[in-house]
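Here is the structure we will look at, set down as structure tokens.
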Amino acid sequence: MCGTCAAEMEKKLHAVIDRHRDTRGALIPILHEAQELYGYLPLEVQRTIAEELETPLAEVYGVVSFYSQFTTTPRGKYRISVCMGTACYVKGAGEILDRLKARLSVDVGECTEDGRYSLDACRCIGACGLAPVVTINDEVFGKLQPDDVDEIIDSYDKKEGQV
Amino acid sequence: MTRTSAEIQKIRERVHEDLMIRLDPKAKPTPEGGRMHIMVCCGTGCTSSGSMKIIEGLEERISGAGLASEVKVVKTGCFGLCAQGPILMIYPDHIMYTLVSPEDVDEIFESHVVKGEPVKRLLAGEEDAEEISNAMESVDFFSRQMRVALRNCGAIDPENIDEYIARDGYRALEKCISEMDPEEVVDLIKASNLRGRGGAGFPTGVKWSFAAAQQSHEKYVCCNADEGDPGAFMDRSVLEGDPHSVIEAMAIAGYAIGSGQGYIYVRAEYPIAVERLSIAIEQAYEYGLLGHDILGKGFDFDLELRLGAGAFVCGEETALMTSVEGKRGEPRPRPPFPAVSGLFQKPTILNNVETYANIPMIVLRGADWFNSIGTEKSKGTKVFAVGGKIKNTGLVEIPMGTTLREIIYDIGGGIPDGKEFKAAQTGGPSGGCIPASKLDTPIDFDNLLELGSMMGSGGLIVMDEDTCMVDLAKFFLEFTVDESCGKCPPCRIGTKRMLEIVTRITEGKGQPDDLEKLETLARNIKAAALCGLGQTAPNPVLSTMRYFRDEYMAHVIDKKCPAGVCKSMLQFIIYADACKSCGICKKNCPTNAITGDKKTGVPYAIDQDKCVKCGVCMEKCPFKAILKNA
């Protein structure tokens, strides 16, 4: 990140903190927005939040590490989540996950080297009618067969101008 | 601009007229409402299948033809028949289309909208149905349901408060704050015998009366919209399809217990629900149905939305409140119960989304009406999210006392591909599996507990012969081990030990006394865990051991998985009689475990040491010569 962008980001982070400062139980809403801003929650961001809210960094880190949606490592440009809810599980979500792992050569919780894709197994997203389901950022792919995996990743690769 | 109650009533009457064509096919169209309403489902399911594109397409054609004032496209919440989405419902004709794709828009527009001729191939219901009748009533999936909590889902535009008001919305709140004392409201809910829809089934009115009895100028009303049970999406659908019903009910609860502040704790995994709730709260404030001096009756109530961050334990009431306070969502011992000391250590009530959705109806129709539905100890209806190996995946609302058989076969359409029903799982990771022999038990809170399961929030996953019950128990244990907050050792350590045992059973390394060990552990965890998560975590194991003990025995003693799921006990074998030596399996095997050659006549065989049991060879074999041997 360049110097000016970093300063810009920090300004935005302070604005987020200021907006929530007087709310009771502000920490979680602030972390949500900070993660939206940075894509993840690096230690420096947690430190800024802790200082501004006058809470120990350990407490902030405690909250960050407790909730599965907060992450301290960068995610990919495209965040792939395989739903592992019961409905998806009995309809073969495990196999879909295996195919994605093989195709992207990453394990769950990891990011591809080029930073394009990260892979996660997520909790039920409630789209059980479409099981098994995979989401990529905000897009939902339902009623998947293992063979659909390649097609979907191909379409994203194509979007990036590289097949 | 805030509205007086007379102004709200005016909106109600006017918009009710506009919406009449949705109720009565002979209703006269109004200038504002237009002559035709095309309702497009925009729940999470249908949105993922392209309903937004359908709306865009329809609106483009309609405005292009200058029909925008006559034909309205309405974005609605979930109709429930998620497997058949996207779903379209056209009024006043009462025609329902299923599995609509954006490519169908032109035909629907030209044939139905312009000429008034329904598009036969897209009609809901049996494919060979000649008669085009009132589609919704002629589809078994809908005709056997009773919609109370879901009354507005699919019937109104959830982003338009006027449509909610037109369907008697906010009338219950007005009735409470202008005609009833808070005690009367509490008594009414008590008399209705409404029980919490979130899982345990605690009487809602009793909960309210505890909080109402506390002397404190600061009390809180919370809504648990942290629907974490895998396979459950009832609450999401209510929030997406009818957010105002929850807002109205929370204000009623606030009035009843003497609270001026509410919090809705909703999963961040539900972006559409979060968006619609935010819109609804904003609109309610704008109309003065939230905030200061509601409808000029001197009652104040504020409502805030809080997003979860992916922790299943936050569905537990004390953990949820700790999370709203901005901390790690760990539960704490009760007592003190939240009604005495809850959020910010003040008296608090917490109810689930579906519970709240029932409240306005109870206020308007009375306790007797509610008591007339359901069984002796479980009144009213229950929404189930039916999923898994069933034809009509989706959302159904049925009176308590309906049997599982009716839900699965009559409403759900049975098991696809001619497979055999094996079990239904209710209650998520806290619940259990119900076998075929219990299909005729009427569903209510107490019967499900007796069967070793529980109502839970209403997820109902159907499993067929291809599901291994030991593997399923392992799936749920993995879930609880992962989601255990770590505060109390029985849950943190106990579930982990259970998972280790179940895992070794699925790997063919089970020992004869493993089942006994599991039972002892389960008993101790249930007795000693701090919160509901731990106390119910052994249920999936206990119930599968109770009804499918032979399957466990097969794993432990015979080292076999009868359903052919547990990989380490599987063998893929090529049957020489059926093999035509085409070599496709060998070509596709990712680990080069298959040997054989057509030219030299070496028979094809699988090297079991190299085989990773991926099943690709079986999938690809054109002659079905490769079989799984459990």
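Chain order of the listed sequences is B and E. Oh and the first sequence: position 126 is 125 in numbering that gives the first Met the number 0, straight run, nothing missing. Oh and the second sequence: position 318 is 317 in numbering that gives the first Met the number 0, straight run, nothing missing. Virtual Cβ for every residue (Gly too), placed ideally from N, Cα, C.
Buried or exposed by the 16-neighbour rule on C-beta atoms within 10 Å, applied to residue i
{"i": "His291 (chain E)", "result": "exposed"}
{"i": "Ala154 (chain E)", "result": "buried"}
{"i": "Gly261 (chain E)", "result": "buried"}
{"i": "Gly2 (chain B)", "result": "exposed"}
{"i": "Glu419 (chain E)", "result": "exposed"}
{"i": "Ser258 (chain E)", "result": "buried"}
{"i": "Ser104 (chain B)", "result": "exposed"}
{"i": "Met0 (chain E)", "result": "exposed"}
{"i": "Cys4 (chain B)", "result": "exposed"}
{"i": "Asn351 (chain E)", "result": "buried"}
{"i": "Asn136 (chain B)", "result": "exposed"}
{"i": "Asn675 (chain E)", "result": "Outside the displayed range of chain E (0 to 629) lies residue 675 (chain E), so it cannot be described from this structure."}
{"i": "Lys421 (chain E)", "result": "buried"}
{"i": "Arg395 (chain E)", "result": "According to the sequence shown, residue 395 (chain E) is Val rather than Arg. That one is buried."}
{"i": "Val540 (chain E)", "result": "buried"}
{"i": "Gly160 (chain B)", "result": "exposed"}
{"i": "Val62 (chain B)", "result": "buried"}
{"i": "Tyr574 (chain E)", "result": "exposed"}
{"i": "Ala6 (chain B)", "result": "exposed"}
Alpha carbon of residue i to alpha carbon of residue j, nearest angstrom
{"i": "Pro631 (chain E)", "j": "Ala199 (chain E)", "result": "Given that chain E is displayed from residue 0 to residue 629, the structure contains no residue 631 (chain E) and the question cannot be resolved."}
{"i": "Met8 (chain B)", "j": "Gly114 (chain B)", "result": "20 Å"}
{"i": "Tyr122 (chain B)", "j": "Val265 (chain E)", "result": "Rather than Tyr, the amino acid found at residue 122 (chain B) in this sequence is Arg. Going by the C-alpha atoms only, they are around 14 Å apart."}
{"i": "Gln68 (chain B)", "j": "Asn591 (chain E)", "result": "39 Å"}
{"i": "Asn357 (chain E)", "j": "Leu149 (chain E)", "result": "9 Å"}
{"i": "Ile131 (chain E)", "j": "Lys388 (chain E)", "result": "Any reading at Ile131 (chain E) needs caution, since the residue's pLDDT is 48, under 50, leaving its predicted position unreliable; the model's value is listed next. Cα-Cα distance, rounded: 30 Å."}
{"i": "Ala57 (chain B)", "j": "Leu349 (chain E)", "result": "30 Å"}
{"i": "Lys486 (chain E)", "j": "Val89 (chain B)", "result": "31 Å"}
{"i": "Asn587 (chain E)", "j": "Ile16 (chain B)", "result": "55 Å"}
{"i": "Cys581 (chain E)", "j": "Lys612 (chain E)", "result": "20 Å"}
{"i": "Leu143 (chain B)", "j": "Gly297 (chain E)", "result": "54 Å"}
{"i": "Ala128 (chain E)", "j": "Gln144 (chain E)", "result": "Residue confidence is low: Ala128 (chain E) scores 49 on pLDDT, short of 50, so the model does not pin down where it sits. Its coordinate-derived value is still stated next. The alpha-carbon atoms of Ala128 (chain E) and Gln144 (chain E) are separated by roughly 21 Å."}
{"i": "Gly287 (chain E)", "j": "Arg275 (chain E)", "result": "18 Å"}
{"i": "Glu635 (chain E)", "j": "Glu116 (chain E)", "result": "The structure shown does not extend to residue 635 (chain E), since chain E is modelled only from 0 through 629, so no value can be given for it."}
{"i": "Pro73 (chain B)", "j": "Glu150 (chain B)", "result": "26 Å"}
{"i": "Asp147 (chain B)", "j": "Leu96 (chain B)", "result": "12 Å"}
Boundaries (first-last residue) of the alpha helix (DSSP H) holding residue i
{"i": "Ala190 (chain E)", "result": "Pro181 to Ser191"}
{"i": "Leu520 (chain E)", "result": "Asp513 to Ala527"}
{"i": "Cys581 (chain E)", "result": "From DSSP, Cys581 (chain E) is part of no alpha helix (DSSP H); its letter is neither H nor E."}
{"i": "Tyr116 (chain B)", "result": "That residue, Tyr116 (chain B), is in no alpha helix (DSSP H); its beta strand (DSSP E) goes Tyr116 to Cys121."}
{"i": "Tyr163 (chain E)", "result": "Ile160 to Ala165"}
{"i": "Pro359 (chain E)", "result": "Val352 to Arg364"}
{"i": "Ser340 (chain E)", "result": "Careful: Ser340 (chain E) lies outside any alpha helix (DSSP H) and carries neither H nor E."}
{"i": "Met95 (chain E)", "result": "Here Met95 (chain E) belongs to no alpha helix (DSSP H); instead the beta strand (DSSP E) covers Ile94 to Tyr96."}
{"i": "Gly261 (chain E)", "result": "First-last for Gly261 (chain E): Gln260 to Val265, but that is the beta strand (DSSP E), not the alpha helix (DSSP H)."}
{"i": "Cys616 (chain E)", "result": "Val615 to Lys619"}
Residue range of the beta strand (DSSP E) that includes residue i
{"i": "Cys40 (chain E)", "result": "Met35 to Cys40"}
{"i": "Tyr90 (chain E)", "result": "Leu87 to Tyr90"}
{"i": "Thr134 (chain B)", "result": "Val133 to Ile135"}
{"i": "Lys381 (chain E)", "result": "Thr380 to Gly387"}
{"i": "Ile460 (chain E)", "result": "Gly458 to Asp463"}
{"i": "Lys623 (chain E)", "result": "Element bounds for Lys623 (chain E): n/a, residue is neither H nor E."}
{"i": "Cys222 (chain E)", "result": "Tyr219 to Ala224"}
Residue i: CB within 7 Å of a non-hydrogen atom of the ligand NAD
{"i": "Glu506 (chain E)", "result": "Ligands displayed in this structure: none; no statement on the ligand NAD is therefore possible."}
Any chain C beta carbon closer than 8 Å to residue i
{"i": "Phe343 (chain E)", "result": "Among the protein chains in the structure shown, which are B and E, there is no chain C."}
- Task: State whether the stretch 188–196 of chain E contacts the stretch 307–316 of chain E, with contact taken as three or more CB pairs (one from each stretch) at a distance under 8 Å.
- Result: Counting Cβ pairs under 8 Å, fewer than three are found: no touch.
Notebook entry, point to check: Is it true that the stretch 27–44 of chain E meets the stretch 72–86 of chain E, where meeting means three or more beta-carbon pairs spaced less than 8 Å apart?
Noted result: Touching, yes.
Quiz prompt | Interfacial residues, the stretch 54–88 of chain B to chain E, with Cβ spacing under 7 Å | solution = Under the 7 Å Cβ criterion, the stretch 54–88 of chain B contributes Gly61, Val62, Phe65, Tyr66, Ser67, Gln68, Phe69, Gly84, Thr85, Ala86 and Tyr88.
Residues from the stretch 282–300 of chain E in contact with chain B, defined by Cβ distance under 7 Å: Under the 7 Å Cβ criterion, the stretch 282–300 of chain E contributes no residue.
By the 9 Å beta-carbon criterion, what residues does the stretch 107–139 of chain B contribute toward chain E? Those would be Cys121, Arg122, Cys123, Ile124, Gly125, Ala126, Cys127, Gly128, Leu129, Ala130, Val132, Thr134, Asp137, Glu138 and Val139, in chain order.
inquiry  = Give me the subset of the stretch 8–28 of chain B whose CB atoms are less than 9 Å from a CB atom of chain E, sorted by chain position.
reply    = Cβ contacts with chain E: Thr22, Arg23, Gly24, Ala25, Leu26, Ile27 and Pro28.
Validate contact between the stretch 6–20 of chain E and the stretch 148–165 of chain E using beta carbons, cut 8 Å, 3 pairs:
The count of Cβ pairs closer than 8 Å, one atom from the stretch 6–20 of chain E and one from the stretch 148–165 of chain E, reaches three, so the stretches are in contact.
Examine the Cβ distances between the stretch 87–102 of chain E and the stretch 112–122 of chain E and report whether three or more of them are shorter than 8 Å. Enough Cβ pairs lie closer than 8 Å, so yes.
- Task: Determine contact between the stretch 557–569 of chain E and the stretch 515–531 of chain E, defined as no fewer than three beta-carbon pairs at a distance below 8 Å.
- Result: The stretch 557–569 of chain E and the stretch 515–531 of chain E do not touch, with fewer than 3 CB-CB distances between them shorter than 8 Å.
Check distances from the C-beta atoms of the stretch 95–107 of chain E to those of chain B and list, in chain order, the residues that come in under 7 Å. Flagged: no residues at all.
For the stretch 501–512 of chain E and the stretch 454–470 of chain E, state whether three or more C-beta atom pairs, one from each stretch, are separated by less than 8 Å. A contact exists between the stretch 501–512 of chain E and the stretch 454–470 of chain E.
*Where the stretch 317–329 of chain E meets chain B: residues whose CB sits under 9 Å from a CB there*: Of all residues in the stretch 317–329 of chain E, Ser322, Val323, Glu324, Gly325, Lys326, Arg327, Gly328 and Glu329 have a Cβ within less than 9 Å of some Cβ in chain B.
- Task: Please determine if the stretch 236–253 of chain E and the stretch 68–84 of chain E are in contact, where contact requires at least 3 C-beta pairs separated by less than 8 Å.
- Result: Proximity of the stretch 236–253 of chain E to the stretch 68–84 of chain E meets the contact definition, three or more beta-carbon pairs being nearer than 8 Å.
Per the contact definition of three or more C-beta pairs closer than 8 Å, is the stretch 547–557 of chain E in contact with the stretch 508–520 of chain E?
Result yes; three or more Cβ-Cβ pairs closer than 8 Å.
Is it true that the stretch 310–324 of chain E meets the stretch 220–231 of chain E, where meeting means three or more beta-carbon pairs spaced less than 8 Å apart? Flag = yes, the stretch 310–324 of chain E and the stretch 220–231 of chain E touch.
Review point. Quick one, which residues of the stretch 447–473 of chain E are near chain B if we go by CB-CB under 9 Å, in chain order?
Key: Residues passing the 9 Å Cβ filter: Gly458, Ile460, Val461, Met462, Asp463, Asp465, Thr466 and Leu471.
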